[in-house]
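**Student:** Please read through the structure below; I'll follow up with questions.
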Amino acid sequence: MKSRTNIKRFLVDWAAVLALMVCFVAFTAYKGNSFMSTSNMVNILRAMAINTVFGIAATITMAPDGFDMSAGTLASCSAYVFVSAYLWLGQSLGMSILICILATLVMYQLTMFLILVCKIPDMLATCALMFVHQGIGQWYIGGGAVSTGMKTSWGAAPRTALSESFSAIGRAPWIIIIMLGCVLVAYLFLNFTKHGRYLYAMGGNKEAAKLSGIDVKKYRYLAGMITAVFIAIGGGLGGSRGSSAQVMCCDNYLMPSLAAVFVGRTVGGAEKPNALGTMIGAMLVSTLENGLTICAVPFYVLPAVKGAVLALALIAAYASKKED
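This is the structure:
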């Protein structure tokens, strides 16, 4: 009986990893080298990179039991700022990155104000801010897009082309290196610093954390600022990868990144948001999408399949939690 329980526990704890392995075996058996080729493996890593970065942002937010529905729309604003700083304002690549991060940190103050000062629940506050970010962003770019050759509303003379260095950060290998760097930083922060442990303590029991002397508001604010930095990085990668900042260019990354976080919560029986689990979750979603595309599955079926995988991961996580 104990052996059966241990096997069941193992299958539940490593369901996401086992599902990833099954995907690789199944797609390789069906498509062979066209799936397992080096170029396709790079495609999977590149496809999962931005989802992983946004997933890391969500991981930091969820560690102290927060939740941010506005990350995608804020990231679109970050992309507008990043590309426009380079094209419209003529700033260097490094300065454009800095401006993007600072602008995102400033915009995230409103999120923190609603949550910490006005005491609005995270989900309600960030749902409202989705519309705020969309409006501000589209006002800033005049309802169009930020791309080469497009003039600004104030008549500035933009750059006529993007440099190779600007475009390179949105392509392999740099986009993959940046993704791995974000995962490593988040992993070390959450698992090997007292600040990360405090965030996890808040996520486990906020009242107990408060009674133990943790400044709950201070650390929730810290989590928000770190989240904003990762959102800015994700928005910058999205702008570089698309060589422009289109209207709502990063909005569609929200749900896949949340899926990655929730799938990642189940990895190894962690039962909490964690950086490595989030990366594995993002890889599972991207591998599934890539493999099904190679197998000529219609694109409109893909969301249903990805949703089913997420649902199964959540069932595995929360069904076992009831038993405990």
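Start counting the sequence shown at 970; every next residue gets the next number (my numbering). Note that beta-carbon positions come from the ideal geometry of N, C-alpha and C, so glycine has one too.
#1: So L1093 and A1197 are supposed to be a Cβ contact under 8 Å. How far apart are they, rounded?
#2: Please confirm if the stretch 1235-1244 is in contact with the stretch 1260-1272, defined as three or more CB-CB distances below 8 Å between the two stretches.
#3: Specify the secondary structure class of V1115 as computed by DSSP and reduced to three states.
#4: Going by DSSP in three states, A1141 sits in which element: helix, strand or coil?
#5: Can you give me the C-alpha to C-alpha distance between G1150 and A1027, rounded to a whole angstrom?
#6: Taking the runs of the alpha helix (DSSP H) that are 4 residues or longer, which of them lie wholly in the stretch 990-1029?
#7: I need the DSSP call for A1320, collapsed to helix, strand or coil.
#8: Please list, in chain order, all residues of the same chain as S1226 whose beta carbon is under 6 Å from its beta carbon, the five residues on each side excluded.
#9: Does A1265 come out as helix, strand or coil in the three-state DSSP assignment?
#10: Going by beta-carbon coordinates alone, are G1139 and R1210 separated by less than 7 Å?
#11: State the Cα-Cα distance for the pair N1009 and G1208, rounded to the nearest angstrom.
#12: Can you tell me whether A1197 is helix, strand or coil according to DSSP?
#13: By the 10 Å Cβ neighbour count, where 16 or more other Cβ atoms means buried, how is T1042 classified, buried or exposed?
#14: Is it right to say N1243 is buried, meaning 16 or more other beta carbons lie within 10 angstroms of its own, or is it exposed?
#15: Determine the direct distance from the alpha carbon of V1232 to that of L1336, and round the result to whole angstroms.
#16: Where does A1130 fall in DSSP's three states?
#17: Would A1229 and A1251 be called neighbours here (beta carbons separated by less than 7 Å)?
#18: How about R1015 and A1141: are their beta carbons less than 7 Å apart?
#19: Taking G1246 as the reference, give the member of A985, H1164 and S1061 with the closest Cα.
**Tutor:** This is what the structure holds:
#1: Their Cβ separation, rounded to whole angstroms, is 19 Å, which puts L1093 and A1197 out of contact at 8 Å.
#2: no
#3: strand
#4: coil
#5: 16 Å
#6: 1002-1005
#7: No answer is possible for residue 1320: it lies beyond the span of the chain, which begins at 970 and ends at 1293.
#8: N1020, F1023, G1024 and A1027
#9: coil
#10: yes
#11: 23 Å
#12: helix
#13: buried
#14: buried
#15: Residue 1336 lies beyond the stretch modelled for the chain, which goes from 970 to 1293, so this question has no answer here.
#16: coil
#17: yes
#18: yes
#19: A985
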